[in-house]
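2 protein chains.
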Amino acid sequence: MSNFRRDPLKGTWVITENQRIRQPREFLIDRQQITMRLCPFCPGQESKTPVEVFALRPDNTAANKPGWQVRVVPNKFPLLRIEGELNPQATGLYQSMRGIGAHEVIIETPDHQRSLAQLDLAETTSVLQAYRARLLDLRQDSRFRYLQVFKNHGIEAGAPLPHAHSQLMAVPITPPVIRNELNSCREHFRSTGNCLICDLLAQEIADGKRVVFNDGRFLVLAPYASCFPFELRLFPLQHNHDFALQNDRELTDCARALQDMLRRLYRLLQDPPYNFILHTSPPIQPHVGKPDYWETLARDYHWHIELVPRLSRIAGFEWGSGFFINPLPPESAAHFLRDTDPNLSF
Amino acid sequence: MSNFRRDPLKGTWVITENQRIRQPREFLIDRQQITMRLCPFCPGQESKTPVEVFALRPDNTAANKPGWQVRVVPNKFPLLRIEGELNPQATGLYQSMRGIGAHEVIIETPDHQRSLAQLDLAETTSVLQAYRARLLDLRQDSRFRYLQVFKNHGIEAGAPLPHAHSQLMAVPITPPVIRNELNSCREHFRSTGNCLICDLLAQEIADGKRVVFNDGRFLVLAPYASCFPFELRLFPLQHNHDFALQNDRELTDCARALQDMLRRLYRLLQDPPYNFILHTSPPIQPHVGKPDYWETLARDYHWHIELVPRLSRIAGFEWGSGFFINPLPPESAAHFLRDTDPNLSF
């Protein structure tokens, strides 16, 4: 199985595959597109995946048979495994722990031909309902410090399989990116009594230059310090720390904003490769860390979705410094996207 | 000109181009290879670049004319500009400063056809001498907190121009990656009295599993928590915090290890795209920050070169979490590379 390893110089954690040693030539394949004969995510191929852990399907259809609208299955080649204990170890300067976690695939539609941007509002809402259902289920396992929902779209964004899908990974360490955000929000809350993201949204609405979509319920903007061209963030305007606590109406509102965002990108940039990541509150675990840590989390964090089109690559400067170089001001990205018609005709 | 912008949620700094607004279609070009008619880095094309700031050339040749072995010029399209003051500004939650810095190109050879791995030992040493000369010159400008030398090789690693070159960027903020390393080293030094990297090298030599090259002067290893397959780090075995303080013999020793590392990768992975980054001490600036900060820097930091082949891509999980996924254990990477003959026949 895999393990988590910590770099003593950088402090980064890496999940290292230890089970199957690949040959060097296998890494050259990554430079090429993968083609498959039979798609394991298509209806009729349900037996090609592990058994489903969730599905939205009519009552008269059987599990692991066609008829589903959204289907969630464990990853057939999971990076992290659900059975076992972490067994943290130290060898000299090095720390590691076993690769315990969960790795699931959310198949967003039975239709092999349509991408998430091409789904209708009800179908998009179903995808978000599947995220919520899996988040609510997996948070019952107290080994998991964070549940990360993300989507890779297109080969350049790390999705070798073309059939529309998202992923969920449950991890036993709070991810550095999330810890960093939680700390920024906590610090702002302590000094102002406000949610950092609520304050940031108020400033963005007053300014207006970076706003792409605002229907009074959800807002999409090009972040002030966007790392990449056409990077976008989607926020609920009403404060909420936890995506999994949104009701069906709120998920429909979220789906409307997500659809608008994806369709504008699709039209403006010719269906670009992208990643999006749900940033939401970690499962509240009063037994972990300082007891007062969890008390104000519901007031000081604010969930959102971050989307990064993969039009450019990270090169030596970015990797070596941690600085990013963005050749397009986010004000221009927002301007181009506002001018784009989000209606697709398929 | 560009500016530096800080994300209030993540704390990341981004360099945002503000001068020329590119059209959305220009970002689609990045998905394709760029071809040029005349290479601006070839001998005879010296007038196509800004005037040289350094060159290794025979005494009987004139500046900005052919005859050079290594040539350093300001980047024709610099991301950061050398003239002016930083003018830090805050607008509500947002901080920015002007894009002040330097951005230079080190042309490694007059030969358009040869890559750095294909240069001989004297030629490779000349490239390192050029790095040293520029580091020593630019550190006289006290606006620059860090001088970053890096190389992008191959289109997938962010080098659209094929002629062998490295780059140097001088930045007015200590890069987060470097600050992080300095902090880890400082902490280890305070608790043990030793250099973290010296201790790490001793542990790696005793273990041996991840060592690729060790001639008693320089050592190349696959890091314990490698983020990518075939990631490598090159270290001087004798403690030294500052690359720019290495003498000619030490640079020749470094060139020998670098050449060995590049040639093993070239042979094993068919000339893979890669980035390498020099990690070295920031210029010592006793007038900046706490006065005692700089006192032990020479004892607690240890310069090195980090190399990352670009065989895989960063996808949603990595971007959203800050965790990395490495499908190849570094012990296997080191094994494959040790078994590779570093001799190239050109």
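Sequence lines, in order, name chains A and B. For the first sequence, counting from 1, position 299 maps to 299 in this note's numbering; every step adds exactly one. Quick note, this note's numbering runs 1000 ahead of the 1-based positions in the second sequence. Even glycine gets a Cβ: it sits at the ideal position worked out from N, Cα and C. Quick caveat, the model's predicted, so the values are computed rather than measured.
Chain-ordered chain A contacts of B/I1277 [CB-CB under 9 Å]: Residues of chain A whose Cβ lies closer than 9 Å to the Cβ of B/I1277 are, in chain order, G316, F317, W319, G320 and S321.
Proximal residues to B/E1306 (C-beta, below 7 Å), its chain only, five neighbours per side dropped: Once the five neighbours on either side are set aside, the close Cβ partners of B/E1306 are R1233, F1276, I1277 and H1279.
Separation of A/P342 from A/A348, as counted between CA atoms: Past the edges of chain A, shown from 1 to 346, lies residue 348 of chain A, and the structure says nothing about it.
Limits of the unbroken alpha helix (DSSP H) element including B/Y1301: B/Y1301 -> no alpha helix (DSSP H), and no H or E assigned at all.
Secondary structure of B/H1188, DSSP reduced to three states: It is helical.
Environment of A/K76 [buried if 16+ CB atoms lie within 10 Å]: By the neighbour-count rule (16 or more Cβ atoms within 10 Å), A/K76 is not buried but exposed.
8 Å Cβ cutoff, A/Q270 in contact with chain B: With 8 Å as the cut-off, A/Q270 counts as an interface residue toward chain B.
Alpha carbon of A/R249 to alpha carbon of B/I1284, nearest angstrom: Their Cα atoms are separated by approximately 58 Å.
Beta-carbon proximity check, B/A1102 vs B/L1161, cutoff 8 Å: For the pair B/A1102 and B/L1161, the CB atoms are not nearer than the 8 Å cut-off.
Range of the contiguous beta strand (DSSP E) that encloses A/A170: Its beta strand (DSSP E) spans residues H165 to V171.
Continuous beta strand (DSSP E) assignments of at least 3 residues falling wholly in the segment 38–79 of chain A: The segment 38–79 of chain A contains these whole beta strand (DSSP E) runs: 54–56 and 70–74.
A/D253, buried or exposed, once every other Cβ within 10 Å from all chains shown has been counted against 16: Label assigned to A/D253: buried.
Beta-carbon contacts of B/A1133 that lie in its chain and below 7 Å, excluding the five residues immediately before and after: Within the same chain, B/A1133 has close Cβ partners F1054.
Exposure of A/I206, with buried meaning 16 or more beta-carbon neighbours within 10 Å: Note that residue 206 of chain A corresponds to Ala in the displayed sequence, not to Ile. With fewer than 16 other Cβ atoms within 10 Å, it is exposed.
8 Å CB neighbourhood of A/E46 in its chain, flanking five on each side removed: Only E52, N64, K65, P66 and R71 meet the Cβ criterion.
A/Q95 to A/G289 span [Cα, whole Å]: C-alpha of A/Q95 to C-alpha of A/G289: approximately 20 Å in a straight line.
Endpoints, beta strand (DSSP E) assigned at A/I82: Looking at the DSSP string, A/I82 is not in any beta strand (DSSP E), and its letter there is neither H nor E.
Simplified DSSP assignment, three categories, for A/Y224: The three-state reading of DSSP puts A/Y224 in coil, since its state is none of H, G, I, E or B.
Below-8 Å beta-carbon distance, B/I1284 vs any chain A residue: It does not: the Cβ of B/I1284 has no partner Cβ on chain A nearer than 8 Å.
DSSP state of A/F323 mapped onto helix, strand, coil: It is coil, neither helix nor strand.
Reduced DSSP secondary structure (H/G/I, E/B, other) of A/E231: Assignment of A/E231 by DSSP, reduced to helix, strand and coil, places it in the coil class.
Alpha helix (DSSP H) segment containing A/A157, residue limits: Neither: A/A157 is in no alpha helix (DSSP H) and is coded neither H nor E.
DSSP three-state assignment for A/N240, whether helix, strand or coil: The answer is coil: DSSP assigns A/N240 none of H, G, I, E or B.
B/G1092: contacting residues in chain A (beta-carbon distance under 7 Å): Q203, listed in chain order.
3-residue-minimum beta strand (DSSP E) runs that sit fully inside the segment 1085–1155 of chain B, ordered along the chain: Listed in chain order, they are 1089–1091, 1094–1098, 1102–1107 and 1146–1153.
N- and C-terminal bounds of the alpha helix (DSSP H) containing B/R1249: Unbroken alpha helix (DSSP H) run through B/R1249: D1248 to L1268.
Nearest-angstrom Cα separation, counted from A/I325 out to B/R1081: Put simply, the backbone Cα of B/R1081 is about 14 Å away from that of A/I325.
Buried or exposed by the 16-neighbour rule on C-beta atoms within 10 Å, applied to B/S1345: Using a 10 angstroms sphere on the CB of B/S1345, the tally of other CB atoms stays under 16, which defines it as exposed.
Where the beta strand (DSSP E) containing A/R5 begins and where it ends: Run containing A/R5: N3 to R6, per the beta strand (DSSP E) assignment.
Chain B contacts made by the segment 218–244 of chain A, where a contact means CB separation under 7 Å: Residues P223, Y224, A225, S226, C227 and P229.
Buried versus exposed call for A/E347 [16 or more other C-beta atoms within 10 Å across all chains shown]: Given that chain A is displayed from residue 1 to residue 346, the structure contains no residue 347 of chain A and the question cannot be resolved.
Reference B/F1317, options A/P236, A/Q69, A/R57 and A/V171, closest by Cα: It is A/V171.
Closer than 7 Å at the beta carbon, the chain A residues around B/M1169: Within chain A, F317 have C-beta atoms less than 7 Å from the C-beta of B/M1169, given in sequence order.
Contact set between B/V1211 and chain A, taken where Cβ atoms lie within less than 7 Å: Within 7 Å Cβ-Cβ: nothing; B/V1211 doesn't reach chain A, min ~15 Å.
Own chain residues within Cβ distance below 8 Å of B/L1093, not counting five before or after: Taken in chain order, the residues that qualify are P1008.
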